[in-house]
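Just so we're aligned, residue 826 is where the sequence shown starts under this note's numbering, counting upward by one. Heads up: the structure comes next, in structure tokens.
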Amino acid sequence: MKYLVVMALLCHAIGAACASELKQSRFPAQVYSKHNYVLSVELFGTLEMVLDEGAKFKKGDTVFRLDTSLEQAQLKAYQQLEVLTQDQLAINRTIFANYKQMHERKALSEDLLSEKELSVINSEIQRTRNSVDIAQMRSAIKRKQFIAPFDGVVLERLSSPREVVQQGKKVVRILKDNDLYLKVKLPVSSLSNYALGKASVINGQLSLPIELDYVSQQVDKQTNTVEVSYALPDAPFRVNETVMITMPLNKEV
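Here is the structure:
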């Protein structure tokens, strides 16, 4: 008797599972991105590093960097010169102040006072030039790298490390996190049979719900299908990857 009961329960379970399978349909879908960004170099140089294809990065991470050893050396020289110029300016100002007091006491000629004032002016001009040189060099160093303004992933590497690149050379294509979508082709004849808003994507042993993005109004006449798009959840999918999605049938079908 127990055997018959167990067999009956097992058959019921198998029947329920089969019925559930019959109410679900599977379709291959392609991962794509609506918005991705191609990064190019602003200045000529040698590519020192660039993230690999598929690498994830956080906001503030370096995505690629050109060699800046020359700029760093020049910056250091300018900074050392800035210290010397500041010291010389301080000396010239002190001397000029003393000369001015002597001139007021009529112990110094106007020509000598003007000469020392000119020394102060020249030192100030040199300090300004140094400041401009330092700012330009820091700008060049900054422009030879790309710091990520958002979390994302590298879709494609278009240049290689140690490659000499010209201004405007494309280096890498990146994608902002949570900006992946799925597109699937569904037959027009049975489109109304599916609960489009209740689809899921298969990720290993998991089935993750996906949000309906749009249903195209254009019919592919060759295949008699329409394109349906879904927004992907935060899962480890890559652009152009083919995945499987499940879609339940409408209850009335």
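Idealized CB from N, CA, C, for every residue including glycine.
Rounded to whole angstroms, the gap between the alpha carbons of SER1032 and GLU867 is 44 angstroms. Counting only the Cα atoms, PRO1073 lies some 9 angstroms from GLY1022. Shortest Cα-Cα distance from GLN913 to any of ILE950, THR1071, SER894 and LYS931 involves ILE950.
Secondary structure note for ASP936: its alpha helix (DSSP H) is the uninterrupted segment 935–968.
In the structure shown, ASP1059 falls within a coil segment according to DSSP collapsed to helix, strand and coil. The three-state reading of DSSP puts GLN1030 in coil, since its state is none of H, G, I, E or B.
Residue range 849–858 is occupied by the beta strand (DSSP E) that includes ALA854, with no alpha helix (DSSP H) assigned at that position. Measuring C-alpha to C-alpha distances from SER985 to each of PRO1034, THR871 and LEU909 identifies THR871 as the nearest. With fewer than 16 other beta carbons inside 10 angstroms of its own, GLU929 counts as exposed. ASN861 and ILE999 have their C-alpha atoms some 6 angstroms from each other.
Within a 10 Å sphere around the beta-carbon of LYS941 sit 16 or more other beta-carbons, which makes this residue buried.
Residues of the same chain with a CB within less than 6 angstroms of the CB of PHE971, apart from the 5 flanking positions on each side, are LEU864, VAL888 and PHE889 in chain order.
Contact check for VAL1068 and VAL856: beta-carbon distance about 6 angstroms, within the 8 angstroms limit, so the pair qualifies. For VAL908, the enclosing alpha helix (DSSP H) begins and ends at 894–929.
A Cβ-Cβ separation of about 7 angstroms places VAL997 in contact with GLU981 under the 8 angstroms criterion.
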